[in-house]
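Novice: Those protein sequence lines, which keep their order, are chains A and B. So in the numbering used here, spot 125 of the first sequence is number 319, and the numbers just go up one at a time. So in the numbering used here, spot 148 of the second sequence is number 152, and the numbers just go up one at a time.
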Amino acid sequence: MSKMSFFLFLYLPCFAFLFYIGIHFLVKKVSPKNKPGQYQDKVYECGLVPEKNQQKVLSIRFFVVAIIFLIFDIETTLMIPVFKEFKNFNTQGEGFFILIIMLSFLFVLFEGLLFCWKKGDLKWIKD
Amino acid sequence: MDQGLIPFYKIIADYIKISFVPLAIIFSTIFLLLLFLIGALGTYAERKISADIQKRLGPNRVGPFGLFQFIADALKMILKQNLMPKGVNSFLFFIAPLFAFLTITFSILVLPFSDTIFLIDFSMSAYFLVAISSLMGIGIFLGGYASGSTWGLLGGVRGACQMISYEVPLVISLFSITILSGETSLQGINHAQSGMPFYWFIFHNPFSFISFFIFFICIMAETNRAPFDLPESESELVSGFHTEYSGMKYAFFAISEFSQVFVVSLVASVLFLGGYNLPLNFFDGVLKNILQLITLFLKTGTLYFFIIVFRWTLPRLKADQLITLSWKYLTPIAIFCLVGSTCWMVFFNGKSLWEVCLFF
Chain A
195 MSKMSFFLFL
205 YLPCFAFLFY
215 IGIHFLVKKV
225 SPKNKPGQYQ
235 DKVYECGLVP
245 EKNQQKVLSI
255 RFFVVAIIFL
265 IFDIETTLMI
275 PVFKEFKNFN
285 TQGEGFFILI
295 IMLSFLFVLF
305 EGLLFCWKKG
315 DLKWIKD
Chain B
5 MDQGLIPFYK
15 IIADYIKISF
25 VPLAIIFSTI
35 FLLLLFLIGA
45 LGTYAERKIS
55 ADIQKRLGPN
65 RVGPFGLFQF
75 IADALKMILK
85 QNLMPKGVNS
95 FLFFIAPLFA
105 FLTITFSILV
115 LPFSDTIFLI
125 DFSMSAYFLV
135 AISSLMGIGI
145 FLGGYASGST
155 WGLLGGVRGA
165 CQMISYEVPL
175 VISLFSITIL
185 SGETSLQGIN
195 HAQSGMPFYW
205 FIFHNPFSFI
215 SFFIFFICIM
225 AETNRAPFDL
235 PESESELVSG
245 FHTEYSGMKY
255 AFFAISEFSQ
265 VFVVSLVASV
275 LFLGGYNLPL
285 NFFDGVLKNI
295 LQLITLFLKT
305 GTLYFFIIVF
315 RWTLPRLKAD
325 QLITLSWKYL
335 TPIAIFCLVG
345 STCWMVFFNG
355 KSLWEVCLFF
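(1) Please report the straight-line C-alpha distance between B:TYR203 and B:GLN197, rounded to a whole angstrom.
(2) Between the alpha carbons of A:GLU305 and A:VAL276, how many angstroms are there, rounded?
(3) Buried or exposed for B:VAL343, please, with buried defined as at least 16 other CB atoms from any protein chain shown within 10 angstroms of its CB.
(4) Which of the three DSSP states is assigned to A:TRP318 in this structure?
(5) Where do the N-terminal and C-terminal ends of the alpha helix (DSSP H) with B:TRP316 fall, by residue?
(6) Does DSSP put B:MET5 in a helix, in a strand, or in coil?
(7) Does DSSP put B:ALA196 in a helix, a strand or coil?
(8) Is it the case that the Cβ atoms of B:LEU139 and B:LEU123 are separated by a distance below 7 Å?
(9) Out of B:MET349, B:LEU190 and B:ILE183, state which residue places its alpha-carbon closest to the alpha-carbon of B:LEU275.
(10) Taking B:GLY354 as the query, report the chain A residues whose CB atoms sit under 8 Å from its CB, ordered along the chain.
(11) Could you check whether A:TYR214 and B:LEU102 sit closer than 7 Å to each other, using their CB atoms as the reference points?
(12) Provide the residue span of the alpha helix (DSSP H) that contains B:ASP119, from first to last.
(13) Count Cβ pairs between the region 145-156 of chain B and the region 83-103 of chain B that sit closer than 8 Å; are there 3 or more?
(14) Per the contact definition of three or more C-beta pairs closer than 8 Å, is the region 257-275 of chain A in contact with the region 159-169 of chain B?
(15) Does the separation of the CB atoms of B:ALA272 and B:PHE219 fall below 7 Å?
(16) Give the residues of chain A in contact with B:THR47, contact being defined as C-beta atoms less than 9 Å apart.
(17) Please go through the same chain and pick out, in chain order, the residues whose beta-carbon is closer than 6 Å to the beta-carbon of A:PHE280, but skip the five residues on each side of it.
(18) On a CA-only basis, which of B:LEU362, B:ALA258 and B:SER153 is nearest A:CYS240? Give me that one, please.
(19) Taking C-alpha atoms, which residue in B:VAL242, B:VAL265 and B:GLY251 lies nearest to B:LYS228?
(20) Applying a beta-carbon distance threshold of less than 9 Å, which residues of chain A neighbour B:ASP324?
(21) At a Cβ threshold of 7 Å, is B:LYS90 touching chain A?
(22) For a quick check, are the C-beta atoms of B:SER237 and B:ARG315 less than 7 Å apart?
(23) Could you round the C-beta distance between B:LEU241 and B:LEU158 to whole angstroms and report it? I think they count as a contact, below 8 Å.
(24) Going by Cα to Cα distance, which pick from B:LEU329, B:PHE262 and B:SER185 is closest to B:GLY305?
(25) Within the continuous alpha helix (DSSP H) that includes A:LYS312, where are the two ends?
(26) Would you say B:ASN293 reaches chain A, if we count a Cβ-Cβ gap shorter than 7 Å as a contact?
(27) Work out the CA separation of B:THR109 and B:LEU36 for me, nearest whole Å.
(28) Is A:TYR143 helix, strand or coil when you go by DSSP?
(29) Check the Cβ of B:ALA230 against every Cβ in chain A and list those closer than 9 Å, keeping chain order.
(30) Report buried or exposed for B:GLU50, applying the criterion of at least 16 other Cβ atoms within 10 angstroms of its Cβ.
(31) Cα-Cα, which of B:GLY43, B:GLN85 and B:LEU106 is closest to B:ILE259?
(32) Would you say B:ASN237 reaches chain A, if we count a Cβ-Cβ gap shorter than 7 Å as a contact?
(33) Assuming B:PHE256 and B:ALA104 are in contact, meaning their beta carbons sit under 8 Å apart, how far apart are those beta carbons, in whole angstroms?
(34) Please state if the CB of A:PHE290 and the CB of B:VAL350 are separated by a distance shorter than 7 Å.
(35) What are the uninterrupted segments assigned as alpha helix (DSSP H) that are 4 or more residues long and contained completely in the region 141-211 of chain B, given in chain order?
(36) When we look at the beta-carbon of B:VAL161 and count the other beta-carbons within 10 Å, is it buried (16 or more) or exposed?
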């Protein structure tokens, strides 16, 4: 990455941040300043007045999926260099060797998926 | 190393005798705003096509064919009352749309439009784009979590779950492209293909043909488009993660989503459909770049059209079907395609299906 690219890399997110904040200042200036109505400043609930904050209600299913994803993510990240260099090896005639190594790695990954599958982690509704 | 638009900046900077840095800043800002405009036009396209499908008229009042509807929408969004309900986590509530906006900001940095029209390109830009697209998931989750309402929370959690689930088959089908091209940058992958359809990676071998469809399904899920729009499914969760959002904060979510759809369909056309390569290399200079831009936009527009049509014709999946589709179908099929592509490269010495047929 050249110096210029790195500069743009820092500049555009900063611009986005300032743009976002600037738009909000504009909105604050322009938007009507009515007092919110009786139910307007409450969080939405179907026909009821909500009593407690719902931020503590969470389902454990989503966490299990997230953990499976983390394992997959790390393993796939580890495999990027192998795939990047595969074509170079293949032109030198060592593609089959790399294929065997790759298959053993992918086998472990796939076995992990099968394990989770068998254990029922991917089943949303348990009997 | 000078690449992309930098030589172009230098020519202009020499001409009007200033440093080229402000030019780079201005051009990158214009790029971002253009992507914004494309997202806004995307809302128009969506409404018009959905109207055609449902035998309605669609927007037809503001400007010719209702083309300036998005400007009217933006004005209305700005003039909305600035509401923040009691009980929301105000900092997270404010910051969540910014994450969604940052996603497209980072995306525009690495998108290739033609030989010279791009801002940056570095060796891992394809994977960088995938990594960045998960910022959208953080935005959606934070937005849902900070709202403090049941609907928002459910939508946010579902959104995060869906995004991480579909990232796995997406990355694995991207791997098979890396296998075929030996490149991890978008420009490199683009130049590994050629203009004619039989040089595209989608037709390289039967496995990459399947990979394209897996990739296409995954990008629809990553951008929360129907049939995968579970985070904002309006018939079960009221409006999903943006139930409490209104006015400009909602507009940032919406515009980021529509721009993101454009970005991912552009990436899909670069990875699988030959990118901006021209079939015939008769032209040179500015004309070549313009033709490349038109080629790429035609491919992207076709994919965008299909994504919109799928939204208005297919029913929504259930939450358990969503997880089942991702982990039990797409991931194993993607791994199978990856192994298949690798075997193809080993046994046919890196030749494509077309070349193999030609030489037998």
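Positions of the beta carbon are idealized from the N, C-alpha and C atoms, including for glycine.
Specialist: Quick look at the numbers:
(1) 6 Å
(2) 20 Å
(3) B:VAL343 comes out buried.
(4) coil
(5) 289-317
(6) With a pLDDT of 49 at B:MET5, under the threshold of 50, the modelled position of this residue cannot be trusted; read the value that follows with caution. Here B:MET5 sits in coil by DSSP.
(7) coil
(8) no
(9) Residue B:LEU190 is the option with its Cα nearest to B:LEU275.
(10) LYS281, ASN284 and THR285
(11) yes
(12) For B:ASP119, there is no enclosing alpha helix (DSSP H), as DSSP gives it neither H nor E.
(13) yes
(14) yes
(15) yes
(16) Those within 9 Å of B:THR47 in chain A number zero; the least Cβ separation is about 17 Å.
(17) ILE292
(18) B:SER153
(19) Going by the sequence as given, residue 228 of chain B is Asn instead of Lys. Per the Cα distances, B:VAL265.
(20) LYS317, TRP318 and ILE319
(21) yes
(22) no
(23) 5 Å
(24) B:PHE262
(25) That run of the alpha helix (DSSP H) goes 289-313.
(26) no
(27) 7 Å
(28) Residue coverage of chain A in this structure runs from 195 to 321, which leaves residue 143 of chain A outside it and unanswerable.
(29) Ordered by position in chain A, no residue passes the 9 Å Cβ test against B:ALA230, which lies about 20 Å from the chain.
(30) buried
(31) B:GLY43
(32) Inspection of the sequence shows that residue 237 of chain B is occupied by Ser rather than by Asn. Judged by the 7 Å Cβ criterion, B:SER237 is not in contact with chain A.
(33) 6 Å
(34) yes
(35) 154-185 and 190-195
(36) So B:VAL161 ends up on the buried side.
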